[in-house]
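Peer 1: For the sequence shown, UniProt numbering assigns the number 1 to the initial residue and increments by one for each residue that follows. Just so you know, even glycine gets a beta-carbon here, dropped at the ideal spot from N, CA and C. Fair warning: this is a prediction, and the values are worked out from it, not measured in the lab. Let me give you the structure first, and then I'll get to my questions.
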Amino acid sequence: MLRIKDKAHKIALGFTLGLLINFVPTFGFGPLVSVAFARLFRGNAVAGLLGGISLIWVFPLLMYFNFAVGHALLPIEVDELVEDIEGAGEALEAGVELGRAFFVGMLLNMLMTGIILYATLYVLLTRFRRAMLQHIRRVWLEKDKHRSR
1 MLRIKDKAHK
11 IALGFTLGLL
21 INFVPTFGFG
31 PLVSVAFARL
41 FRGNAVAGLL
51 GGISLIWVFP
61 LLMYFNFAVG
71 HALLPIEVDE
81 LVEDIEGAGE
91 ALEAGVELGR
101 AFFVGMLLNM
111 LMTGIILYAT
121 LYVLLTRFRR
131 AMLQHIRRVW
141 LEKDKHRSR
């Protein structure tokens, strides 16, 4: 990501938007949606792809966080909700309640993560990009020297 030749704003925006797609159930299309989302908002598409694939492996944990945050904001007694289900109408109502908690949690998680991640990446890219690239290059050159001996 440090070697992408684009403005810090576009890289940070693309990566952030790509990563945020992991909070949404995309049913396997997350990386494609990440690229499209990054391009839609004029971020860098490559950074969007990198952001989209960066948290694929924690998708179940992010879904849990969505429910947990939503449940904290919209308390639902799941045991009572399940016990009260007698027919299709009540099952649908229970699903809507759980879906509402998930959606609210997802929006809040995306908002908070997006603000923090974008700000952090933007500062890192604008202030430390060159230094980080130089450090990585030095480390790689040292490894090559040790291998050639």
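Once the 5 residues before and after valine 123 are set aside, which same chain residues still bring their CB inside 8 Å of it?
Peer 2: Nothing meets the Cβ criterion.
Peer 1: Inspect the beta-carbon positions of glycine 14 and asparagine 22 and report whether they are closer than 9 Å.
Peer 2: In this structure, asparagine 22 does not lie closer than 9 Å to glycine 14 by Cβ.
Peer 1: Per DSSP, what kind of secondary structure is asparagine 44 in: helix, strand or coil?
Peer 2: Coil, per DSSP.
Peer 1: On the three-state DSSP scale, how would you describe arginine 3?
Peer 2: Here arginine 3 sits in coil by DSSP.
Peer 1: Can you say whether alanine 12 is buried or exposed, counting buried as having 16 or more other CB atoms within 10 angstroms of its CB?
Peer 2: By the neighbour-count rule (16 or more Cβ atoms within 10 Å), alanine 12 is buried.
Peer 1: Using beta-carbon positions only, say whether glycine 114 and leucine 50 come within less than 9 Å of one another.
Peer 2: No; because the gap between Cβ atoms is not below 9 Å, this pair is not in contact.
Peer 1: Comparing C-alpha positions only, which one of His135, Ala119 and Lys143 sits nearest to histidine 9?
Peer 2: Nearest option by C-alpha distance: Ala119.
Peer 1: To the nearest angstrom, report how far apart alanine 36 and glutamate 142 are at their CA atoms.
Peer 2: Cα to Cα, the separation comes out at about 39 Å.
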